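First the structure, in the form of structure tokens, and then the observations on it.
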Amino acid sequence: MSGASHQAPYGPIVTVLRRLVRARGSAPGAWLDGTEATDAGRSWARAGFAASVILVLVATGLVTAAVAAAGGAPNPLTQLLYVPILYVAVRHGRLGALVMAVVAGLAVGPWMPSSNAPSGHQGFRDWGLRLLVFVLVGFVTAWLASQISRPFAVIARDAWLGQALRAAVRQRRIRVHYQPFIDLTDGRVLGVEALCRWKSLRGRPMAPDVFIPAAEHTGAIAAVSRAVFRQSAAQFGEWATQHGAGLTMSINVSAVELCKPAFLVDLTRLAAGAAESGYRLCIEVTETAIIARTDEALLVLSAAREMGVLVALDDFGTGESSLAYLGGFPIDIVKIDLSFVAAVDVDETAHAIVSAIVSMASSLGAATIAEGVERPGQLRALRDLGCDIGQGYYLGRPAAAAGVDWTRRTLA
Ligand code: G
Ligand code: MN
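Add 8 to a position in the sequence shown, counting from 1, and you land on the number used in our numbering.
Here's what the structure looks like:
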């Protein structure tokens, strides 16, 4: 039996799925918009759903091929029942798989026509066997799904995002937005942080907190980071001549990239560019990146300091390390995670945590940047606590290069 005849029944389903997916947007791959920043949660599930449907279709094709290879004559209608079984097994585990397999088994009762039974109808034995196979396939799939730490749907979605990101880098669709950080003593713009932005083909912004992890998991992060570094360096060259020397350009370094030799090469080049144009370079790393590979991280961060590059600890407070431990690393700036800053003016605990971070950072000789300042109340509390620098929507949203406000802020 030729492979093509087994594939045939899935052709129409794939077509219908494509239509369904397209119905949500005109461009192919538009369902990826599901990761849109404004409605991340719901759309995330949508993208995950589409990804798992595709995954299930692939798995079903494999099962059909296996049946054919074992000499069976797959009845297209019966084989179709693997779609819901595998799907439910992946999404809902063993119990779901069992229920679905039994329902599917009952649906293909002994009255189901069969091409290899002389009477044209399958016997009870065939039917019982099929029921058993349904249950087994469901169980095995559920087990496989549970063995993988990240859900299948997320893995499939990330693989897709990774490919789309590489294409976006090639087509120069990765953009950099810049968010200023402000001296909390006098309101001056000290510099900007370069933030990676990616719009789908339809022009909708994708959420960085979804696509950056996807890029890290798939290795696309190397190309994405390089694109961001190149653009920011060119932009800062221009700004340095316009606004004079002394500005700081802060770039985010992925934990995945930090300890790679290629990053050290990039860093050297960036540091040379900064020295030549007269601006300060700052790399933002997370505590997780440092702890994951302590020895190498220490080498890279020390090299950065040698080159006159500042080191900022990004999203501080979200990891499991203490500043006392991190004090052994050359850290110039501690960025207080916005989850603490969010309630610094209204919640005693948040206030106490920020206070502790500020005093520990200063005893280690590091400056503090508060992330996610959105209200004047937070600004007042942070200044009272002695936090040095502020960043957030209230002080300036991330914007394309032309939209950055360089004027001194008035701090009430
Ligand atoms: O991990 P890192 O701190 O580098 O990420 C910064 C992210 O936080 C950016 O994507 C930026 O858009 C976002 N951001 C910047 N300012 C604010 C703010 O005031 N509030 C919130 N909720 N997010 C912000
Ligand atoms: Mn950052």
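For glycine and all other residues, C-beta sits at the position ideal for the given N, C-alpha and C. As the structure is a computational prediction, the values presented were derived from the model and not from experiment.
Check whether residue i and residue j have beta carbons under 8 Å apart
| i | j | result |
| --- | --- | --- |
| Ala263 | Thr296 | yes |
| Leu201 | Gln187 | One detail in the question is off: residue 201 reads as Glu in this sequence, not Leu. Contact flag set, yes. |
| Gly316 | Leu255 | no |
| Ala97 | Gly104 | yes |
| Val354 | Val362 | no |
| Phe237 | Leu278 | yes |
| Glu265 | Ser240 | no |
| Gln386 | Phe189 | no |
| Arg181 | Lys207 | yes |
| Phe324 | Ile344 | yes |
| Leu94 | Thr68 | yes |
| Val308 | Ile339 | no |
| Phe142 | Ala109 | yes |
| Val381 | Ile365 | no |
| Ser416 | Arg196 | For clarity, residue 416 is Arg in the given sequence; the question names Ser instead. A contact, by the Cβ cut-off of 8 Å. |
| Gly170 | Ala230 | no |
| Ala150 | Gly101 | yes |
| Ala378 | His359 | no |
| Leu346 | Leu334 | no |
| Glu292 | Val261 | yes |
| Leu203 | His225 | no |
| Arg313 | Cys267 | no |
| Leu106 | Gly79 | no |
| Ala253 | Gly211 | no |
| Arg205 | Arg174 | no |
Boundaries (first-last residue) of the beta strand (DSSP E) holding residue i
| i | result |
| --- | --- |
| Leu419 | Element bounds for Leu419: n/a, residue is neither H nor E. |
| Asp323 | 318-324 |
| Val200 | 197-206 |
| Val352 | Here Val352 belongs to no beta strand (DSSP E), and DSSP marks it neither H nor E. |
| Phe289 | The question names Phe, yet the displayed sequence has Leu at residue 289. Where Leu289 is concerned, the enclosing beta strand (DSSP E) stretches over 288-294. |
Residue i burial status per 10 Å Cβ neighbour count (16 or more: buried)
| i | result |
| --- | --- |
| Ser154 | exposed |
| Gln250 | exposed |
| Val116 | buried |
| Asp269 | It should be noted that the sequence gives Pro, not Asp, for residue 269. The residue in question, Pro269, is exposed, as its Cβ has fewer than 16 Cβ neighbours within 10 Å. |
| Tyr401 | exposed |
| Ala172 | buried |
| Ala410 | exposed |
| Asp396 | buried |
| Arg138 | buried |
| Phe244 | buried |
| Asp194 | exposed |
| Leu192 | buried |
| Ser258 | buried |
| Glu328 | exposed |
| Pro92 | buried |
| Asp413 | exposed |
| Pro406 | buried |
| Leu403 | buried |
| Arg288 | buried |
| Leu89 | buried |
| Val66 | exposed |
| Gly281 | buried |
Residues that DSSP places opposite residue i in a beta bridge
| i | result |
| --- | --- |
| Asp421 | With the chain represented from 9 up to 420, any question about residue 421 goes unanswered, as that position is not in the structure. |
| Thr376 | Val342 |
| Ala407 | Tyr186 |
| Pro213 | Lys207 |
Residue range of the unbroken alpha helix (DSSP H) whose run includes residue i
| i | result |
| --- | --- |
| Asp134 | 132-155 |
| Arg99 | 90-115 |
| Met257 | Premise fails: Met257 lies in the beta strand (DSSP E), 256-260, not in any alpha helix (DSSP H). |
| Ala222 | 216-226 |
| Glu314 | 302-314 |
| Val232 | 229-251 |
| Pro269 | 269-285 |
| Tyr333 | 331-334 |
| Val381 | Counting along the chain, Val381 falls outside any alpha helix (DSSP H), and DSSP gives it neither H nor E. |
| Ala263 | 263-266 |
(request) With a cut-off of 6 Å, give the chain-ordered residues whose Cβ is closer than this to any heavy atom of ligand 2. (result) Glu201, Asn260, Glu292, Asp322
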